[in-house]
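Undergrad: Last residue of the sequence shown: 500 (the numbering used here), numbering continuous.
Let me give you the structure first, and then I'll get to my questions.
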Amino acid sequence: MAVITPLSRKQIETFLLDYAYLGQLTELKPTLQGIENTSYFLTLQQPDQTPSSCVLTLFEELTDQQLPFYNQLLQQLADESLPVPAPIPNQHGKVQVSIQNRPAALFPRLRGKHPEQVNEKQCIEMGLFLGRMHRITADSQSTQANPKDLRWMQSSREYLTPHLNSEDQQLLESELSTYQAAQPEFDKLPKGIIHADLFRDNALFHGDELTGVIDFYNACSGPLLYDLAVIANDWCRSQEKPDPALTTNFLHAYQLERPLEPGERDAWPLMLRFAACRFWISRLLGCYPVSPDRPSKDPMEFRQILIQRLESSDRLVE
């Protein structure tokens with residue numbers, strides 16, 4: 183997307199004075215992806231050393247009070263050698279700073295590209311990563327409420343109803359009623375810190391090697407199974423349909439790190455629907471009010487996934 187908060191080269195160079203140990207700015211380029219924050223790719227050069235690539239991110243929605251949770255999570259995962267971008271401290275030891283009255287942070291730029299055509303090896307990599315992340319954070323004392331939980335979905339329905347045709351109104355009402363009835367069972371599922379947004383555009387690969395997982399700014403406390411459902415709905419597909427082989431490889435790899443409990447197996451089909459519906463709603467909200475200046479993603483993609491999940495049993499096999 184277009185940069186929300188534009189910065190001049192001089193402003194960035196002034197900001198980087200507190201990161202002088204990284205070298206001088208030799209190149210900068212605004213990123214074109216993302217819809218919530220402003221980011222710039224920076225190249226920094228020390229004399230007679232290999233240039234380093236960094237990402238300067240200005241947080242347009244998160245506050246100074248919210249950011250420590252995410253920075254601490256990234257550092258915890260990086261300390262366990264997971265491929266995530268831990269924030270870079272400045273010469274005063276601070277990782278959370280500000281620029282143009284926005285909270286900001288500097289991160290290493292991880293190598294790799296977003297996968298387009300997912301294969302089994304990449305799904306295995308994602309399963310291993312997610313299992314490790316859930317295992318590493320299992321004893322974390324940090325918590326973060328999920329701002330887009332079932333209550334958010336229910337309140338969003340009231341806003342969206344006038345924009346939906348009768349068929350979609352009925353579909354959304356029926357699904358939300360089903361989730362409400364299942365809430366006592368969902369509440370019993372194992373919980374912890376979840377990424378909550380691990381789509382393909384938030385992962386980087388070099389060939390079949392996972393080299394980075396990014397954009398943790400939807401991370402929160404919630405059912406671990408939800409993270410698996412988000413990935414299954416986006417990654418484990420071929421020809422615009424769920425791919426059982428990709429799903430099996432992903433789930434098998436995950437369970438090498440954290441075996442699923444019986445209640446999670448029972449809840450799997452409904453959690454797939456819940457995750458699809460949640461992103462159908464968020465994409466619908468992105469379409470209203472209509473604005474040519476605001477990027478939006480196609481809500482019909484997740485409506486289709488929700489219908490497919492409704493029409494499939496999606497039972498887990500041992």
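Glycine is no exception: its CB is placed at the ideal position from the N, C-alpha and C atoms.
Quick check: what's the CA-CA separation for Met-183 versus Arg-382?
TA: Counting from one through the sequence shown, the residue named residue 183 turns up at place 1. Counting from one through the sequence shown, the residue named residue 382 turns up at place 200. Summary for Met-183: the model assigns pLDDT 44, below 50, so the residue's position carries little reliability; its value from the coordinates is reported in the next sentence. Cα-Cα distance, rounded: 17 Å.
Undergrad: If Leu-386 sits next to Lys-295, beta carbons under 8 Å apart, how far is it from one beta carbon to the other, in whole angstroms?
TA: Within the sequence shown, residue 386 is the residue found at index 204, counting from 1. Within the sequence shown, residue 295 is the residue found at index 113, counting from 1. Between Lys-295 and Leu-386 the Cβ distance is about 6 Å, and since that is below 8 Å, they are a contact.
Undergrad: What does DSSP give as the partner residues of Ala-364 in its beta bridges?
TA: As a first step, residue 364 is located in the sequence shown; it is residue number 182 there, counting from the start. Looking at the DSSP output, Ala-364 sits in no beta bridge, so it has no partner there.
Undergrad: Can you tell me which of the three DSSP states Ser-420 falls into?
TA: Translated into positions along the sequence shown, residue 420 becomes position 238. Here Ser-420 sits in strand by DSSP.
Undergrad: Start and end of the alpha helix (DSSP H) containing Lys-303?
TA: As a first step, residue 303 must be located in the sequence shown, where it is residue number 121. Annotation for Lys-303: the continuous alpha helix (DSSP H) segment containing it runs 302 to 318.
Undergrad: Buried or exposed for Arg-191, please, with buried defined as at least 16 other CB atoms from any protein chain shown within 10 angstroms of its CB.
TA: Taking the sequence shown and counting its residues from 1, one reaches residue 191 at position 9. Exposed: under 16 other Cβ atoms inside 10 Å.
Undergrad: Below 8 Å on the Cβ atoms is my contact criterion, and I expect Gln-362 with Leu-332 to pass it. Report the Cβ-Cβ distance as a whole number of Å.
TA: Within the sequence shown, residue 362 is the residue found at index 180, counting from 1. Within the sequence shown, residue 332 is the residue found at index 150, counting from 1. Contact holds; Cβ gap of about 7 Å.
Undergrad: Excluding the 5 residues preceding and the 5 following Glu-388 in the sequence, name in chain order all residues of the same chain whose CB lies nearer than 8 Å to its CB.
TA: Your numbering for residue 388 matches position 206 in the sequence shown. Checking the sequence, you will find His at residue 388 rather than Glu. So the list reads Arg-293, Gly-294, Lys-295, once near-sequence residues are dropped.
Undergrad: Just the Cα atoms here: how many angstroms apart are Pro-271 and Thr-225?
TA: On the sequence shown, residue 271 is found 89 positions in, with the first residue counted as 1. On the sequence shown, residue 225 is found 43 positions in, with the first residue counted as 1. So the alpha carbons of these two residues sit roughly 17 Å apart.
Undergrad: So if DSSP puts Pro-212 in a beta bridge, which residue, or which two residues, is it bridged to?
TA: Start at 1 with the first residue of the sequence shown, and residue 212 comes out as number 30. Answer by DSSP bridge pairing, in chain order: Tyr-222.
Undergrad: Taking the Cβ atom as the reference point for each residue, do Trp-450 and Leu-498 lie within a distance shorter than 8 Å?
TA: For the purposes of this step, residue 450 is identified with residue 268 of the sequence shown, where counting begins at 1. For the purposes of this step, residue 498 is identified with residue 316 of the sequence shown, where counting begins at 1. Cβ atoms of Trp-450 and Leu-498: closer than 8 Å.
Undergrad: Could you check which residue in Gly-394, Ile-186, Leu-189 has the C-alpha nearest to that of Leu-264?
TA: For the purposes of this step, residue 264 is taken as the residue at position 82 of the sequence shown. Put simply, of Gly-394, Ile-186, Leu-189 the residue whose alpha carbon is nearest the alpha carbon of Leu-264 is Gly-394.
Undergrad: Once the 5 residues before and after Lys-211 are set aside, which same chain residues still bring their CB inside 6 Å of it?
TA: The residue you call residue 211 lines up with position 29 of the sequence shown. Counting only Cβ-Cβ distances below 6 Å, and skipping sequence neighbours, we find Phe-223.
Undergrad: Look up His-388 in the DSSP assignment and give the residues it is bridged to.
TA: Here the question's residue 388 lines up with position 206 in the sequence shown. Paired residues: Glu-391.
Undergrad: For Ser-359, which option in Ile-376, Met-335, Pro-344, Ala-260 has the closest C-alpha, if you only look at C-alpha atoms?
TA: Looking up residue 359 in the sequence shown gives position 177. Among Ile-376, Met-335, Pro-344, Ala-260, the Cα nearest to that of Ser-359 is on Met-335.
Undergrad: Of the residues Pro-250, Pro-233, Ser-234, which one's Cα is nearest the Cα of Phe-241?
TA: What you label residue 241 is simply residue 59 of the sequence shown in a count that begins at 1. If we check each option's Cα against that of Phe-241, Pro-250 comes out closest.
Undergrad: In angstroms with no decimal places, state the Cα-to-Cα distance between Leu-467 and Glu-422.
TA: Translated into the one-based positions of the sequence shown, residue 467 becomes position 285. Translated into the one-based positions of the sequence shown, residue 422 becomes position 240. Those two C-alpha atoms are separated by around 23 Å.
Undergrad: Where does Phe-398 fall in DSSP's three states?
TA: For the purposes of this step, residue 398 is identified with residue 216 of the sequence shown, where counting begins at 1. Note: Phe-398 maps to coil in three-state DSSP.
Undergrad: Near Ser-494, which residues of its chain fall below 7 Å by C-beta distance, leaving aside the five closest residues on each side in sequence?
TA: Reading the sequence shown from its first residue, position 312 is the one you call residue 494. Once the five neighbours on either side are set aside, the close Cβ partners of Ser-494 are Pro-424.
Undergrad: I'd like to know if the region 305 to 317 and the region 431 to 444 are in contact, where contact means that at least 3 CB-CB pairs between them fall below 8 Å.
TA: yes
Undergrad: If I follow the unbroken beta strand (DSSP E) through Thr-239, where does it start and stop?
TA: Within the sequence shown, the letter at position 57 stands for residue 239. That run of the beta strand (DSSP E) goes 234 to 241.
Undergrad: Report buried or exposed for Met-482, applying the criterion of at least 16 other Cβ atoms within 10 angstroms of its Cβ.
TA: Here residue 482 is taken as the residue at index 300 of the sequence shown, counted from 1. The residue is exposed, with fewer than 16 neighbouring Cβ atoms inside 10 Å.
Undergrad: Which first and last residues belong to the alpha helix (DSSP H) in which Leu-467 is found?
TA: Counted from its first residue, the sequence shown places residue 467 at position 285. Here the alpha helix (DSSP H) through Leu-467 covers 444 to 469.
Undergrad: Should Leu-255 and Ser-337 be called a contact, given that it needs their Cβ atoms to be closer than 8 Å?
TA: The residue given as residue 255 occupies position 73 in the sequence shown. The residue given as residue 337 occupies position 155 in the sequence shown. Not in contact: Leu-255 and Ser-337 (Cβ atoms no closer than 8 Å).
Undergrad: Please classify Ser-280: does DSSP put it in a helix, a strand, or coil?
TA: Taking the first residue of the sequence shown as 1, we reach residue 280 at position 98. Strand.
Undergrad: For Asp-172, collect the residues of the same chain with a Cβ closer than 6 Å to its Cβ; drop the 5 residues on either side in sequence, then sort them by chain order.
TA: The first residue shown for the chain is 183 and the last is 500, placing residue 172 beyond what the model contains.
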